[in-house]
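Below is one structure, written out as structure tokens; comments come after it.
In this note's numbering, the protein residues as written are 44 to 313.
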């Protein structure tokens, strides 16, 4: 996810163009990510404001040219502007908890035109989600830090803004979140991977079961992996928000209004 905006911080204004978060296409015109990726407080800490914010989605694997907030690089050729977005109504950046907690860190972006040239990810059914267990491996994907640094330290050149992926175990679960990659030798998520996916093998294909949310403890991503929002816990919310925008005719693709069923394209071909 890319963002352009005017940032007013400590009374000083600047225009920014930056890579913000990882994310995943879940319908031709809908992108799933974390709420904090779109929350202005995450950028200002309440010390300023963001105006004229525009959100874009891209599949480009190398976004190192967008890893600095102030640059003159053009948008990637495949970048699509967000028509609208929605953050879970109960999310609050100020009350985000570490460990496993009910943080409501989930959001959707609605694109102004559908992406029909690539396949999107599928969400798990409620029944499939019952089988997710501690010890299961998930495929994690993100454009974030490959080398852990302090939150306000700059990443070494070439270690941020590049799409990376690997497999890591689920080590702890709650109804609303799970932790991925408990040990330093595990594939772990870090800053910039927020909003990105964890894919779980259902036995009938991979499902997007987690959205990277926050650090597990005060060690940040130096010692242990991060925490994902469980997608299955928010299936009703996702269904409601996707369907509502088809009902009011503000989405760009509504061949099916809510979550895309697993057999949707099979039925379409018959």
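Think of the CB as a built atom: it goes at the ideal place given N, C-alpha and C, for glycine as much as any other residue.
| Asked | Found |
| --- | --- |
| Collapsed DSSP secondary structure at residue 106 in the structure displayed | coil |
| Contact under 9 Å by Cβ, residue 253 with residue 271 | yes |
| Beta-carbon proximity list for residue 157, same chain, < 6 Å, skipping 5 on both sides | 71, 72, 295 and 296 |
| Enclosing beta strand (DSSP E) for residue 334 [first to last residue] | The chain is shown only over 44 to 313; residue 334 falls outside these bounds and no answer can be derived. |
| Nearest neighbour of residue 178, chosen from 213, 147 and 205 [CA to CA] | 213 |
| Expected contact under 8 Å - CB spacing of residue 93 and residue 50 to nearest Å | 6 Å |
| Reference residue 207, options 65, 57, 74 and 61, closest by Cα | 65 |
| Contact under 9 Å by Cβ, residue 259 with residue 141 | yes |
| Through-space distance from residue 114 to residue 120, alpha-carbon basis | 17 Å |
| Whole-angstrom distance between residue 246 and residue 109, CA atom to CA atom | 37 Å |
| Residue 177 in three-state terms, based on DSSP | coil |
| As assigned by DSSP and simplified to three states, the class of residue 267 | coil |
| Beta-carbon proximity list for residue 112, same chain, < 6 Å, skipping 5 on both sides | 59 and 61 |
| Residue burial classification, residue 129 (beta-carbon count within 10 angstroms, cutoff 16) | buried |
| Three-state class that DSSP yields for residue 275 in the structure shown | helix |
| Residues near residue 222 by beta carbon distance below 6 Å, same chain, minus five either side | 214, 215, 259 and 270 |
| Whole-Å CB distance - residue 90 paired with residue 53, under 8 Å assumed | 6 Å |
| Selection from 235, 228 and 278 that minimises the alpha carbon distance to residue 266 | 228 |
| Residue 263 and residue 187 closer than 9 Å at C-beta | no |
| Reduced DSSP secondary structure (H/G/I, E/B, other) of residue 144 | coil |
| Exposed unless 16 or more other CB atoms sit within 10 angstroms - verdict on residue 306 | exposed |
| Nearest neighbour of residue 152, chosen from 238, 56 and 48 [CA to CA] | 238 |
| Coarse secondary structure for residue 313, derived from DSSP in three states | Reliability of the predicted coordinates at residue 313 is poor, the pLDDT of 46 falling under 50, and the value obtained from them is presented with this limitation in mind. If DSSP states are grouped into helix, strand and coil, residue 313 belongs with coil. |
| Euclidean distance between Cα positions of residue 334 and residue 63 | Residue 334 falls outside the range modelled here, since the chain spans only 44 to 313, and no answer is possible. |
| Span separating the alpha-carbon of residue 185 from that of residue 96 | 23 Å |
| Buried/exposed call for residue 313, threshold 16 Cβ in 10 Å | Below a pLDDT of 50, predicted positions are generally treated as unreliable, and residue 313, at 46, falls in that range; the measurement from the model is reported next regardless. Label assigned to residue 313: exposed. |
| Outcome for residue 102 when other beta-carbon atoms lying within 10 angstroms are tallied against a minimum of 16 | exposed |
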